[in-house]
Amino acid sequence: VGGAGVVRAWVGGEWSVVAGAFFPEFDLAEHVVAPRSLPAYWQRFRSFDWGSARPFSVGWWAVSDGELPEFPRGSLIRYREWYGAPKDSNGRSIPNTGLRLTAEEVADGILEREKGDAHANRIMSGVADPAIYTADGGPSIADRMAQRKVFFRHADNARVARNGAMGGWDQVRARLKGDGERRAIYYFSTCLDLIRTLPALQHDEGRPEDVDSDSDDHCADETRYACSSRPYVAPLPLEARLPDPDKYKRGWNPLRRRGGVMTA
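Quick note: the sequence shown uses my numbering, first residue 5, plus one each step.
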């Protein structure tokens, strides 16, 4: 993506200028909303993509029960993010450059940001890249974070479809599209790094159904984990749910036979 195109997209919201975008369904006007209070009883969880030399990304999500009309029932709202990258002189994240924090420092930062989120003595749940469970000569990243009482479960890390099942990117795309009228995923406008990176993602040249993994895909990865943890299928259009216009009903009865042939 040309630098000028990204600048225009970032400043003016003209995401259509990003040629070959992996997620052309992303629409700033449809998916990005102003921050607002969300019901305290809505289920909340976090998703996490680890990084040290490269950025880590944490996203916090609420699941709508339909009480607020602007968020359809079952839709996901990303109400907070923490992107582990240093800032430039303008206060923007430096792409693909990590903070090199330890697992313990990241866990402490997560707990600090979650103050006020927990309710009814419940601990925030989370999904993360299964790679954090790898132990190589010592405790894993997940174990070290668990010692700080930050817990995750293994995310489904299938990026593309396999054996007929929807892949993680399919799940993200399905939520971006929603039912054709209303979206199934939303982002608070304070999620600047997701808004910066998700629309600019490109296809992998050798595997077009996948994202170029050398790109700044960290927010997208943890969004994929979040979406895969709550699989979504758009409902049928209203016209597809109406009865047959001829009102014909088959009414099969397996106990009725005539001449040895099953009859309706």
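The beta carbon of each residue, even a glycine, is placed where N, CA and C say it ideally should be.
Query: To which residues of the same chain is D112 closer than 8 angstroms at the C-beta, ignoring the five residues directly before and after it?; Result: R152
Query: Go ahead and label Q47 buried or exposed: buried means 16 or more other beta carbons lie within 10 angstroms of its beta carbon, across all protein chains shown.; Result: exposed
Query: Since W54 and R82 are thought to touch, with beta carbons under 8 angstroms apart, how far apart are those beta carbons, to the nearest angstrom?; Result: With 8 angstroms as the limit, W54 and R82 do not qualify as a contact, their Cβ atoms being about 18 angstroms apart.
Query: Taking only the alpha-carbon atoms, compute the straight-line gap between E34 and Y190 and give it to the nearest angstrom.; Result: 8 angstroms
Query: May I ask which residues mark the beginning and end of the beta strand (DSSP E) holding Y137?; Result: Unbroken run through Y137: none, as it is neither H nor E.
Query: Which residues does DSSP pair with Y191 in a beta bridge?; Result: V36 and R82
Query: Return the first residue and the last residue of the alpha helix (DSSP H) that V110 is part of.; Result: A107 to R117
Query: From the DSSP secondary-structure annotation, give me the bridge partner or partners of F49.; Result: W65 and S129
Query: Report the partner residues of Q151 according to the DSSP bridge assignment.; Result: Answer is none; Q151 lacks a bridge partner.
Query: Please determine, among F75, D160, S56 and P99, the residue with the shortest C-alpha to C-alpha distance to E109.; Result: S56
Query: For V215, which of helix, strand or coil comes out of DSSP?; Result: strand
Query: Which of the three DSSP states, helix, strand or coil, is assigned to R177?; Result: helix
Query: For R77, I'd like the list of residues in its chain whose CB is within less than 7 angstroms of its CB, leaving aside the five on either flank, ordered along the chain.; Result: S68, D69 and G70
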